[in-house]
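Chains as they are written, first to last, in my numbering: chain A, 421 to 636; chain B, -4 to 239; chain C, 44 to 305. Even for Gly, the Cβ is constructed at its ideal location relative to N, Cα and C. Below you'll find the structure, written out as C-alpha cells, and then a few comments.
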C-alpha cells in the first residue's frame, strides 16, 4: 500500500481541495443552512397557526420535497431555469430541502413547550405575536438547536451532490485531479479526511451542547 | 401533453429498468445497512471497551465522511487495490456502510431505551445473555427503533440517486433521458419525483405495518388485521350474545 | 346571598346557564351563579366536579359549549344578538379579559426571563405602560410578596413557594378586578405552602380584588372567603358562609366531603 500512496500527489491536490472547500463547500453549507433555518421556522409556524387551506398544501409540498432526492431536485431546478447561476441553484435547493427537516425539528420543539406557558400568556392577555417571539420560540429553540446543528452537518456532507449541476466543490475537485493524473487515491482520501475533520468535532460539540441544554 | 405521454409510453421499458436498478440499490443497501447497524449497534453498546472502541471509530468514520466520497473511493480506488466491483455492488456497499453507521446509533439508542427493569428481571430469572437479548430486549427495542429506521430507509432511497453520478441507469438517469426526449423539464422530472415519492410512501406504509405488528406482539397494540381493515359499524354487535 | 351587600352594581362575574362538554362528557350542565364585586368565593368539591373548569372558562382557556358569562354586567365571550347566540370578536373579548388575572397550580413562569421581566412583560406590552412605570410597580409588588432581592433571579433557581409568589406578583401587576386562584398550593412542598398563603391573605386584606378560589386549604378558605360553594358533578349543591359550611353544612354530600378532607 505504501508504494501506491504518493505524498507528492497528496500535497499537490491538497491546496486545490482546500480552496474548493472554502469557496464552495463551506459557503454553500453556511448560506444553505441559513435559508433552511429561517424557512423551516416559518413553515413550522405557518403549519401551526395558518388556516387549513393554507397549512394543508404547505404540509404536502414540504412532504413531497422531503421524500424526493436532492439530486433530482437539483437537476430539476437547473434545467427549469438554465440562466440562473449553478451555485445559487445549489444553495437554494439545499436550503429548501433541509428546511423540510428543520420544520419537523421546530415542530417538535414547539410542541415540547409546556401548555402552561401558553395558558399563562393567555391569562396575562399577551398578544399572539409576542407570545410566539418572547415566550414560545425562545424556549423551543433550546431543544431544537442541537438537532438543527445535526442537520447542518448533514447538509455539509450533501454538498458534493452539487457536482451533478456542474458546481466544482471539493469532491468534484478531487475527481478532476484524479481524472488528470489517473490516480484517485490521495485525492479522495484527503477529501474524506477533510470532511471528517470538519464534521466530527462539530458533532461532539453538538452532543455536549445538547447535554448542557437538557439541564434546564 | 399528449406528445409527452407518447414519449413516456415509448420509454416505459426504460423507466421500468431504471426503477428496477433503484429498487435493487435500495433493497441491497437497506439489507446491508441493517446488518451493519445491528452489528455495530450491539458492539457500540457493549459493556466491554474492546468492542465499543472500534465500533465507535467505524461509526464516526462512516458518518463523518460524505456518502459521495465513500462511493467515489470505492468506485475509483478499490480497482487500484485489485478489487474490482461492478457499479451496482459498489453502490450497495457505499449505501449500506454509510446508512448502516447511522442505523447503528438508532439500534444502540433503542436498546438503551428498553426499561432497565427488563434487563434486571431477565438476570433474576437466570436467562443467558443471548437468550436475554433475543427473547426479551430485542423484541422491545425493535418496536422502538422502527420509526427511526424507516426514516433512514427513506433517506437511503434518496441516496440511491448518487448512482447517477457513477453512471448507473437508475430512475434519475432515466428521468434525464425523458427530459431530453420531451424537452419538458417539468413533465419529466415530475414523473421522476413521483416515482421516488411512490416508493418512499410504500416504505413508510410497510414500516407502519411492521411497527403495528411489533407492538401487537408486545401486547401494546391491536392486531395488524384490525389496523389494516376498515372498521365495521358497531351496531352489528348488539344481538350477538343473545342467540343460544 | 348572605353577608354581602346587595348593591345596584352588576355582579363582577355572572354565569348564566353555562354548559361545558368535553366530547361526550358533560362537566357543567346549565350552571348559573354570581360573584359580586369585592367578594372572595371559594369553590370546593371532589375532583372532576367542574371547579377548575369554571376558572378556566372565565380565563378563556376553555370555550363555552352553551350559555353565557357576563363580566361587570357585559357579555364576555358570547352574546345574544337578534335572538341568536353569537361569539363576540376576539378583540372585544380580549379587552374585557384584561380585568381577569390567574395564578396556576404549576406557576407557569416564563423560564427564559428573569423575575422582573416576567412581571413587567404584560403591563408593558398589553396595557401599554412605560417601562419605568412597570418596573416601579413590579418592585412594589415584589416587596409585597417578600422577594425584593430576587428581581434578577431566574425562575428555575427559585423554590416552588418563591416561584408561586412571583406568579402572584405577575398576576397583580395587571391590576385585575378578579383574581382566579387554581389550587395554587397543591404543587408545593408542605413547608412552602404557608408563605404563599400568607401572601394571599395580605392581598385579600389590603386590596378589594374579587377572588374565585379553588383550594384544598380549608383553613385558608375559612379566613379569606365570604362564600363557599360546594360542587358535585357540575352543580352547586350548597352555598353559604364559611362558618356555616365548615361547621354545620346542610347537605349530606357536603358533610361527607368535608369529613373526608378535613
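So what's residue i in DSSP terms, helix, strand or just coil?
| i | result |
| --- | --- |
| residue 58 of chain C | strand |
| residue 102 of chain C | coil |
| residue 546 of chain A | coil |
| residue 129 of chain B | helix |
| residue 154 of chain B | helix |
| residue 107 of chain C | coil |
| residue 73 of chain B | helix |
| residue 434 of chain A | helix |
| residue 487 of chain A | coil |
| residue 159 of chain C | helix |
| residue 69 of chain C | strand |
| residue 479 of chain A | helix |
| residue 171 of chain B | helix |
| residue 599 of chain A | helix |
| residue 215 of chain B | coil |
| residue 134 of chain B | helix |
| residue 282 of chain C | strand |
| residue 300 of chain C | helix |
| residue 122 of chain C | strand |
| residue 4 of chain B | helix |
| residue 162 of chain B | coil |
Rounding to the nearest angstrom, what Cα-Cα distance links residue i and residue j in this structure?
| i | j | result |
| --- | --- | --- |
| residue 156 of chain C | residue 493 of chain A | 43 Å |
| residue 50 of chain B | residue 162 of chain B | 32 Å |
| residue 243 of chain C | residue 293 of chain C | 29 Å |
| residue 251 of chain C | residue 101 of chain C | 19 Å |
| residue 149 of chain B | residue 187 of chain B | 16 Å |
| residue 488 of chain A | residue 230 of chain C | 49 Å |
| residue 632 of chain A | residue 622 of chain A | 15 Å |
| residue 521 of chain A | residue 455 of chain A | 12 Å |
| residue 99 of chain C | residue 72 of chain C | 16 Å |
| residue 569 of chain A | residue 159 of chain B | 29 Å |
| residue 139 of chain C | residue 222 of chain B | 48 Å |
| residue 239 of chain B | residue 96 of chain C | Only weak support exists for where residue 239 of chain B lies, its pLDDT of 32 falling under 50; the value from the coordinates is given anyway. One C-alpha to the other measures close to 48 Å. |
| residue 69 of chain C | residue 94 of chain C | 13 Å |
| residue 2 of chain B | residue 109 of chain B | 54 Å |
| residue 285 of chain C | residue 300 of chain C | 15 Å |
| residue 262 of chain C | residue 253 of chain C | 19 Å |
| residue 615 of chain A | residue 515 of chain A | 20 Å |
| residue 72 of chain B | residue 605 of chain A | 6 Å |
| residue 626 of chain A | residue 513 of chain A | 25 Å |
| residue 580 of chain A | residue 505 of chain A | 17 Å |
| residue 155 of chain B | residue 583 of chain A | 15 Å |
What do you reckon, are the CB atoms on residue i and residue j nearer than 7 Å?
| i | j | result |
| --- | --- | --- |
| residue 158 of chain C | residue 177 of chain C | no |
| residue 240 of chain B | residue 95 of chain B | There is no way to answer for residue 240 of chain B, as the model of chain B reaches only from -4 to 239. |
| residue 144 of chain C | residue 214 of chain C | yes |
| residue 137 of chain C | residue 217 of chain C | no |
| residue 281 of chain C | residue 273 of chain C | yes |
| residue 399 of chain A | residue 523 of chain A | Summary: the structure shown does not reach residue 399 of chain A, with chain A confined to residues 421 through 636, and so no result is reported for it. |
| residue 78 of chain C | residue 61 of chain C | no |
| residue 509 of chain A | residue 498 of chain A | yes |
| residue 451 of chain A | residue 511 of chain A | yes |
| residue 444 of chain A | residue 589 of chain A | yes |
| residue 92 of chain B | residue 70 of chain B | no |
| residue 213 of chain B | residue 138 of chain B | yes |
| residue 179 of chain C | residue 185 of chain C | no |
| residue 64 of chain B | residue 611 of chain A | yes |
Between the Cα of residue i and the Cα atoms of the options, which residue gives the shortest distance?
| i | options | result |
| --- | --- | --- |
| residue 442 of chain A | A:591, A:595 and A:621 | A:591 |
| residue 220 of chain C | A:608, A:544, A:633 and A:612 | A:544 |
| residue 227 of chain C | C:69, C:85 and C:183 | C:85 |
| residue 597 of chain A | A:561, A:523, A:512 and A:434 | A:434 |
| residue 285 of chain B | B:208, B:44, B:222 and B:128 | The requested residue 285 of chain B does not occur in the structure, where chain B is confined to residues -4 to 239. |
| residue 75 of chain B | A:612, A:608 and A:630 | A:608 |
| residue 539 of chain A | C:64, C:128 and C:146 | C:146 |
| residue 199 of chain C | C:236, C:153 and C:237 | C:153 |
| residue 603 of chain A | B:184, B:67 and B:189 | B:67 |
| residue 277 of chain C | C:268, C:123, C:75 and C:193 | C:75 |
| residue 283 of chain C | C:238, C:304, C:236 and C:82 | C:82 |
- Task: Evaluate the contact criterion for the stretch 141 to 157 of chain B versus the stretch 91 to 111 of chain B: three or more CB pairs, one atom per stretch, below 8 Å.
- Result: yes
- Item | Segment contact, 8 Å Cβ cut-off, at least three pairs: the stretch 205 to 218 of chain B with the stretch 21 to 39 of chain B | no
- Could you tell me whether the stretch 200 to 214 of chain C touches the stretch 74 to 89 of chain C, using the rule of 3 or more Cβ pairs below 8 Å? no
- Does the stretch 556 to 565 of chain A come within contact of the stretch 489 to 508 of chain A, defined as at least 3 CB pairs closer than 8 Å? no
- Message: Does the stretch 3 to 19 of chain B come into contact with the stretch 164 to 177 of chain B, if we say contact requires no fewer than three beta-carbon pairs (one atom in each stretch) closer than 8 Å?
- Response: yes
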